[in-house]
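Data block below; observations after.
Protein chains in written order, with our numbering: chain W, 1 to 212; chain B, 1001 to 1212.
So this is what it looks like as structure tokens:
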């Protein structure tokens, strides 16, 4: 049995944040597929026994069960000794970007992609509104990355892994990142990290079975 | 000059999270009003000199400038020694709920209130969608608070201050919290904390001037 078990599915950028951290840290981990698209993570049983928030990812490690990607990433920096901070000031800066990601970047990006790619709602008032909010977040990140290799302290940290969770799927989100040259360059730098894999190569469940 | 200066405005629930922490901790703090409704926090000058994320709250303390309410609350638990955690497990549980708040609860709640109360868009596809998402988050919190006085560890922590940031404005959000009896009871328990004040009593800028 592996040290770490990650409850995940290939289409989850939030799970990818953790999978990428585990993989790039050389951790001994196994993905455990969750049938999100048939509601497994939102069932009463899942909420009772796995995660009351009804969300993925969930990480099991030596009897400890953790949820929320930001908490798991924080935990893994200390367990694995990788991609963390050098001092309190850097710790706060990492947390600041993880919170920004959760509140403003991933929240709108993930939902926009979900509506377009999986719910297939077509273009609606909601997708237009989400796209506007997501682009606002990309502009903030792009400006921050101007002259920087990574988000905090000029080396990769869990802040980068959180922020990039959904951004290797520009076609699925329906966003052209060429308007954000610093984001593009930064994504290339993450792709170049030894051991990097795309979400669909790192977690099970892709492609989705065709609907009958 | 006060120990702490909080850049804020009365209508900001995100600023209220920090103002409530400072007030209930008996800190020496002064609010500094930001003209959000005329775009002050989104101006290029504000982004360059105060907060690149273009957001409120911002806290100044002895030459340190902090942004993101979750980071500021974390900082204040150690500076003030109040409303924090007893051990690492509790610290992670507090962080988990702050992340949930940022991603799922405040994000949808604040935006729904903004569209209804300030942008006055009326009921649209977007407000309907946001209301559905917000109610999903309230259901998770309500279930968690069943049998609990507070969110973590049976005493008030910064997790409560984060989650309650917008919830003392049910009329402005347009949500009836009587459907969430545990949330209602928990909000009463926060109101009963010594020194509690409502957002409009704690920060400057209410009421808004009438539009000419």
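Ideal Cβ placement from N, Cα and C applies to all residues, glycine included.
Remember, it's a predicted structure, so these values are computed and weren't measured experimentally.
Residue range 69 to 80 is occupied by the alpha helix (DSSP H) that includes residue 71 of chain W.
In the three-state DSSP reduction, residue 116 of chain W falls in the helix class (H, G or I).
Where residue 144 of chain W is concerned, the enclosing alpha helix (DSSP H) starts and stops at 125 to 145. Comparing alpha carbon positions, the residue from W/115, W/170, W/158 and W/104 closest to residue 81 of chain W is W/158. At least one C-beta of chain B is nearer than 8 Å to the C-beta of residue 126 of chain W. By the neighbour-count criterion, in which a residue is buried when 16 or more other Cβ atoms sit within 10 angstroms of its Cβ, residue 1203 of chain B is buried. Any Cβ of chain W closer than 8 Å to the Cβ of residue 1075 of chain B would place that residue at the interface, and such an atom is present. CA-CA distance, residue 1117 of chain B to residue 1022 of chain B, rounds to 27 Å. One finds 1100 and 1140 in chain B with Cβ atoms closer than 7 Å to the Cβ of residue 53 of chain W, taken in chain order. In the displayed model, residue 1061 of chain B falls within a strand according to three-state DSSP.
Interface residue (Cβ-Cβ distance to chain W less than 8 Å): residue 1070 of chain B is classified as such.
Residue 157 of chain W has a beta carbon lying at 8 Å or more from every beta carbon in chain B. Residue pairing by DSSP places residue 1032 of chain B opposite B/1007 in a beta bridge.
Between the region 88 to 97 of chain W and the region 37 to 45 of chain W there are fewer than three inter-stretch CB-CB distances shorter than 8 Å, so the stretches are not counted as touching.
Annotated three-state conformation of residue 95 of chain W is helix, per DSSP. Contact of residue 1015 of chain B with chain W is not assigned, every C-beta pair being separated by 8 Å or more. Around the beta-carbon of residue 38 of chain W, fewer than 16 other beta-carbon atoms lie within 10 Å, marking it exposed. Against chain B, the beta carbon of residue 67 of chain W has neighbours under 8 Å at 1096, listed in chain order.
Contact of residue 1040 of chain B with chain W is not assigned, every C-beta pair being separated by 8 Å or more. Taking all protein chains in view, the Cβ of residue 1199 of chain B is crowded by 16 or more other Cβ atoms within 10 Å, so the residue is classified as buried. When rounded, the separation of the alpha-carbon atoms in residue 173 of chain W and residue 1191 of chain B is 42 Å. Straight through space, the alpha carbons of residue 1187 of chain B and residue 1194 of chain B are spaced by roughly 14 Å.
The beta-carbon of residue 1210 of chain B is placed no less than 8 Å from the nearest beta-carbon of chain W.
Non-local C-beta neighbours of residue 12 of chain W in its own chain, meaning closer than 6 Å and more than five positions away in sequence, comprise 56, ordered along the chain. Listed along chain B, the residues sitting closer than 9 Å to residue 107 of chain W by beta-carbon distance are 1102, 1103, 1104, 1107 and 1108.
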